[in-house]
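Chains as they are written, first to last, in our numbering: chain G, 325 to 522; chain H, 1057 to 1175.
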């Protein structure tokens, strides 16, 4: 098992990689903003921005939660490659859990508003709201404390969290749970949005 | 990695995971109690209104989130202070946390929540 600290040999290439990724991201963003028909992409709803931001956060969280469950697996089988990689990944994961929930709260307001999707579902298909949506809204909240606990253990214990089997197993389980509850919330949220968006 | 982190006892990790589990159980109980009693639902709305922007639009869910947040963070702080310097069984605390998370998941599954509601 190779464990490299944040100040080790890998630090300089990693910094260059982050810079390249940032520049490429900025170029992509500028090109999209200048050329894409963003209004059509977002849709005509007055709440389109809320939906787009929540969806973007959830999409990014899907990436980090998936990376997290893979890192958790490697941790569990004793093949973790870098403590710094685990620490950064888990902190980003927890941060995205927070922003996805925050933006979900913001989007929940038009969902519950008179004439919104909630009213529509309760009138036409009450089980969609009562089962799909209500379970999704709680499953989504589960991700934050679990992701924060995983990040806290990895950051505060560092190499110990990798070397100690009990701690590495605990973190692996936490990351797997984050992925599971994220998947429930994301899947049900996407289904609800498909049926009736805000 | 500092030597202090290398030799750190498991107490603070146990505190973090148990507090997370207590937070989600608090969320589930707040939800079930809100479904049982209208007074609790009103209290959840009032609690959310105290601090959360847009709580009126979010409804009682804002108060349930508040309860979960308070229980999670306060229990984490208390458990951290108590357990920080202690070596605990991670397996035992982790198992308790998993059971609590399982209970919370079950209680928030709407067909189960419905069982507690008086019709």
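Yeah, the Cβ is synthetic: ideal placement off N, Cα and C, and Gly gets one too.
Give, in chain order, every residue of the region 1119 to 1133 of chain H whose Cβ lies closer than 8 Å to some Cβ of chain G. 1121, 1124 and 1128
Buried or exposed for residue 456 (chain G), going by 16 or more other Cβ atoms inside 10 Å? The residue you call residue 456 (chain G) lines up with position 132 of the first chain. Buried, by the Cβ-count rule.
Confirm, please, whether the CB-CB distance from residue 1132 (chain H) to residue 1080 (chain H) is below 9 Å. What you label residue 1080 (chain H) is simply residue 24 of the second chain in a count that begins at 1. What you label residue 1132 (chain H) is simply residue 76 of the second chain in a count that begins at 1. The answer is no: Cβ separation not under 9 Å.
Would a check of beta-carbon distances place residue 373 (chain G) closer than 9 Å to chain H? The count along the first chain starts at 1 and reaches residue 373 (chain G) at position 49. It does not: the Cβ of residue 373 (chain G) has no partner Cβ on chain H nearer than 9 Å.
Is there a Cβ of chain H sitting closer than 9 Å to that of residue 488 (chain G), yes or no? As a first step, residue 488 (chain G) must be located in the first chain, where it is residue number 164. It does; some Cβ of chain H falls within 9 Å.
Skipping 5 residues on each side, what residues in its chain have a beta carbon closer than 7 Å to that of residue 440 (chain G)? Within the first chain, the letter at position 116 stands for residue 440 (chain G). Excluding positions up to five away in sequence, the list reads 434 and 522.
Quick one: residues in its chain with C-beta nearer than 7 Å to the C-beta of residue 332 (chain G), no 5 flanking neighbours on either side, listed in chain order? Stepping through the first chain from its first residue, residue 332 (chain G) is reached at position 8. Summary for residue 332 (chain G): the model assigns pLDDT 47, below 50, so the residue's position carries little reliability; its value from the coordinates is reported in the next sentence. Nothing meets the Cβ criterion.
Taking 9 Å as the threshold (beta carbon to beta carbon), is residue 432 (chain G) in contact with chain H? By one-based count along the first chain, residue 432 (chain G) stands at place 108. At least one chain H Cβ lies under 9 Å of residue 432 (chain G).
Report the three-state DSSP secondary structure of residue 1105 (chain H) (helix, strand or coil). Against the second chain, residue 1105 (chain H) aligns to sequence position 49. Three-state result, residue 1105 (chain H): helix.
Going by Cα to Cα distance, which pick from G:512, G:504 and G:499 is closest to residue 397 (chain G)? As a working mapping, residue 397 (chain G) is identified with position 73 in the first chain. Measuring from the Cα of residue 397 (chain G), the nearest candidate turns out to be G:499.
At 9 Å on the CB atoms, spell out the chain H contacts of residue 436 (chain G), in chain order. In the first chain, residue 436 (chain G) corresponds to position 112, counting from 1. Residues of chain H passing the Cβ test: 1113, 1114, 1115 and 1117.
Along chain G, which residues have their Cβ under 7 Å away from the Cβ of residue 1164 (chain H)? Reading the second chain from its first residue, position 108 is the one you call residue 1164 (chain H). Chain G residues near residue 1164 (chain H): 459 and 462.
Hey, would you say residue 1067 (chain H) sits closer than 9 Å to residue 494 (chain G), going by beta carbons? Here residue 1067 (chain H) is taken as the residue at index 11 of the second chain, counted from 1. Here residue 494 (chain G) is taken as the residue at index 170 of the first chain, counted from 1. No, the pair does not count as a contact, with Cβ atoms beyond the cut-off.
Taking just the CA atoms, how far does residue 1083 (chain H) sit from residue 1142 (chain H)? Taking the second chain and counting its residues from 1, the one referred to as residue 1142 (chain H) is at position 86. Taking the second chain and counting its residues from 1, the one referred to as residue 1083 (chain H) is at position 27. Each residue's alpha carbon lies about 28 Å from the other.
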